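Undergrad:
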Amino acid sequence: MRLRTPLALLGAAVLVLVGPPLLTTGSGSETGTQIPGLRFMVPNTPGGGYDITARTAAKNAEDAGLTHNIEVFNLPGAGGTVGLSRLVSEHGNGKLAMSMGLGVVGAVRSNDAPKTLGDTTPIARLTEEQDVVVVAKDSPYKTIDDLIGAWKENPGKLPVGGGSSPGGPDHLAPMLMARAAGIPPKQVNYIPFDGGGELLASILGNKVAFGVSGVGEYLDQIKAGELRLLAVTGPERVEGLDAPTLKEAGYDVNFTNWRGIVAPPGLTDGERGKLVRLVEELHASDEWRKSLEQNGWDDAFLAGEEFGAFLDAEDKRVVSVLKELGL
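FYI, in mature numbering (1 follows the signal peptide of the UniProt record, and there is no 0) the residues of the sequence shown are -24 to -1, 1 to 303.
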């Protein structure tokens, strides 16, 4: 798994928000990907995984000449369900899309949201990545065993922070960790934040004992020494980072997160088709492949109806895991 450069997020945000239209010979008009006035909603705060994904995708689409002047904006709240409600209310709007992932699936369940992902138009799953277990640089926990040893002694006194609502990836990962370590998940003191950006301040300020979030969100802080990486949640070590997998450390956990794009309901076949073609062309572009490597994202592309079936299966999986954990 390759990692992104420290300035990737800054560059993506600046170029998407203030950069001029990037005109290339591949204007996108002949392939049907130009969507004038396209807006990309991020349902959590700046700096989180949805935000990084949206701004990177928008910049790559512009650089590849697929479409131009994409507006990326944040509408945080309730684990992404505020943004979801707004999206569903934009019935028939073919110029709006929303960055989302497993966290929104869980937030719909934990918040008993009136609108669900079944009310949206599925466009595509884009990426998959591991979560990381991190502490502040001055934390007393030097290894994952140090942390879990203290956690087992008094689970309630070691709050864990995550950038998603209960049922989301940053909640499920530490709950699975707890179960693997012999800690009853109901005893875990989980504190949800509205995205990785909000969570970061609490980890650095020692308001939580440790945090769980996506590797791409905290790579810069890990490499700068502001965060200490104790473990990763996926099946293999992350290239360039000195930390074991949880399974390697003796805790039977194998967990990854994913992110994708949905659109409002009520689109015409032509509007839906143009959004799907846009992400298909984005996925095939050199710009996007380079971003996958720079951000440490795994390619997990799945478009249209197949993505819709995946969303339905993920909803059932979240419900099943929460029941299995007694939550």
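Yeah, the Cβ is synthetic: ideal placement off N, Cα and C, and Gly gets one too.
Being a predicted model, the structure only gives us computed values, none of them experimental.
(1) Am I right that F231 and T209 are in contact with their C-beta atoms under 8 angstroms? What's the rounded C-beta distance?
(2) Please confirm whether E202 and G24 have their CB atoms less than 8 angstroms apart.
(3) If we call anything under 8 angstroms between Cβ atoms a contact, is F169 one with S75?
(4) State the Cα-Cα distance for the pair S115 and E174, rounded to the nearest angstrom.
(5) Compute the Euclidean distance between the alpha carbons of P240 and G158, then round it to the nearest angstrom.
(6) For Q106, write down the residues that DSSP places opposite it in a beta bridge.
(7) Please report the straight-line C-alpha distance between T221 and R213, rounded to a whole angstrom.
(8) So, with DSSP's three-state summary, where would you put D27?
(9) Looking only at DSSP bridge pairs, what is Y166 linked to?
(10) Using the beta-carbon count (16 or more within 10 Å), is P160 buried or exposed?
(11) Just reading off the beta strand (DSSP E) that R213 is part of, what are its end residues?
(12) Once the 5 residues before and after A73 are set aside, which same chain residues still bring their CB inside 6 angstroms of it?
(13) Compare the C-alpha of R248 against each of G70, P142, L217 and W234 and name the closest.
(14) Rounding to the nearest angstrom, what Cα-Cα distance links A33 and V164 in this structure?
(15) DSSP puts T32 in a beta bridge; with which residues?
(16) Excluding the 5 residues flanking K299 on each side, which residues of the same chain have their C-beta closer than 6 angstroms to its C-beta?
(17) Can you give the beta carbon distance from T9 to L243, rounded, assuming they're within the 8 angstroms contact cut?
(18) Can you give me the C-alpha to C-alpha distance between G82 and G302, rounded to a whole angstrom?
(19) Suppose you measure from the CA of R155 to the CA of H67; what does that come to, to the nearest Å?
(20) Just the Cα atoms here: how many angstroms apart are S5 and A279?
(21) Distance, Cα to Cα, A37 vs H44?
(22) May I ask which residues mark the beginning and end of the beta strand (DSSP E) holding S267?
(23) Hey, V18 and F49: beta-carbon distance below 8 angstroms or not?
(24) What residue range does the alpha helix (DSSP H) around E281 cover?
(25) If you drop the 5 nearest sequence neighbours on each side, which residues of the same chain put their C-beta closer than 6 angstroms to that of T92?
(26) DSSP three-state call for G190: helix, strand or coil?
(27) Which same chain residues end up closer than 7 angstroms to L152 when comparing Cβ atoms and leaving out the 5 residues on each side of it in sequence?
(28) Anyone know if the C-beta pair for I99 and F283 falls short of 8 angstroms?
(29) What distance in whole Å lies between the Cβ atoms of G77 and R235, which are believed to be in contact at a cut-off of 8 angstroms?
TA: Quick answer:
(1) 4 angstroms
(2) no
(3) no
(4) 19 angstroms
(5) 43 angstroms
(6) T232
(7) 6 angstroms
(8) helix
(9) V136
(10) exposed
(11) Run containing R213: none; DSSP gives neither H nor E here.
(12) F16, I237 and A239
(13) G70
(14) 35 angstroms
(15) Its beta-bridge partners do not exist; DSSP assigns none.
(16) none
(17) Contact doesn't hold; Cβ gap of about 15 angstroms is too wide.
(18) 15 angstroms
(19) 42 angstroms
(20) Below a pLDDT of 50, predicted positions are generally treated as unreliable, and S5, at 45, falls in that range; the measurement from the model is reported next regardless. Each residue's Cα considered, the two are about 21 angstroms apart.
(21) 8 angstroms
(22) Element bounds for S267: not the beta strand (DSSP E) but the alpha helix (DSSP H), D262 to N271.
(23) yes
(24) G280 to E300
(25) V84
(26) strand
(27) V229 and F231
(28) yes
(29) 4 angstroms
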